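Numbering (my numbering), first residue to last: 40 to 289.
Right, here's the structure in full:
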């Protein structure tokens with residue numbers, strides 16, 4: 040009887056340990072969700088390791104303020120040029136290294152955010168919701184990027200003039216503002232486009248996510264998801280987390 044009870048206890052203990060181990064593995068976030076985390080939670084080389092989309096929003100907000108100040112600097116050509124340089128720096132510091140931006144650039148950050156949304160949709164564990172939604176989100180983001188690139192080229196052109204015209208400066212501001220806030224393109228009173236609306240589309244996709252629902256992924260996992268030497272994505276976590284590591288392609 041004692042031996043039978045000990046045997047039962049050992050079996051129960053085994054299943055308890057097995058359940059705990061399975062529970063640990065299941066707490067690991069989906070790789071598709073971690074890629075979204077690269078856009079919204081953190082990325083390795085951004086200022087403060089912020090999410091790529093957050094950096095894009097912050098840099099673009101600076102560009103809006105600086106380009107508006109440039110347009111409003113009617114009587115001070117030197118100030119106008121300086122504000123245009125600051126706006127260009129916030130859009131693309133490779134073209135204008137000095138300025139009031141964070142040194143990353145809205146264009147680079149938004150390109151990275153879109154890339155990781157596409158990585159999320161092409162992950163093995165991506166939901167049908169992600170796969171279907173990212174097609175529209177990616178196309179929307181590409182249109183915003185095109186607007187930003189037009190703005191950067193126009194700003195670079197304006198900076199070359201010692202006295203940029205009101206018309207040219209106002210056009211730079213209008214392009215950057217529309218890339219940030221959107222614009223009423225057909226006169227129906229509805230604002231379309233811009234990173235603010237892109238955020239709404241992204242949030243709507245996350246709200247639709249089920250089984251499991253999307254929850255912000257911890258920075259440990261977000262920053263632990265890296266591209267491996269074989270070109271695939273996988274978690275590379277601290278040693279104490281190795282039991283939960285799963286390598287997978289996208």
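For every residue, glycine included, the Cβ atom is placed at its ideal position computed from N, Cα and C. Just so it is clear, the structure is predicted and the values come from calculations on it, not from any experiment.
The DSSP-derived three-state label of residue 276 is coil. The three-state reading of DSSP puts residue 146 in helix, counting H, G and I together. Excluding sequence positions up to five before and after residue 68, its CB lies within less than 6 angstroms of the CB of 256, 260, all in the same chain and listed in chain order.
The beta carbon of residue 155 sits closer than 6 angstroms to those of 74, 77, 78, all from its chain and outside the five residues before and after it, given in chain order. Counting the other CB atoms within 10 Å of its CB gives residue 89 a total of 16 or more, which places it among the buried residues. Between the beta-carbon of residue 181 and that of residue 215 there is about 17 angstroms, and that puts the pair past the 8 angstroms contact cut.
Each of 211, 240, 250 was checked against the Cα of residue 119, and the nearest Cα belongs to 211. Looking at the backbone, the Cα of residue 201 and that of residue 124 are separated by about 12 angstroms. Between the stretch 180-195 and the stretch 226-241, the count of Cβ pairs shorter than 8 angstroms is three or higher; the stretches touch. By the neighbour-count criterion, in which a residue is buried when 16 or more other Cβ atoms sit within 10 angstroms of its Cβ, residue 121 is buried. In summary, residue 148 is buried, with 16 or more beta-carbon neighbours lying within 10 Å of its beta-carbon over all protein chains present.
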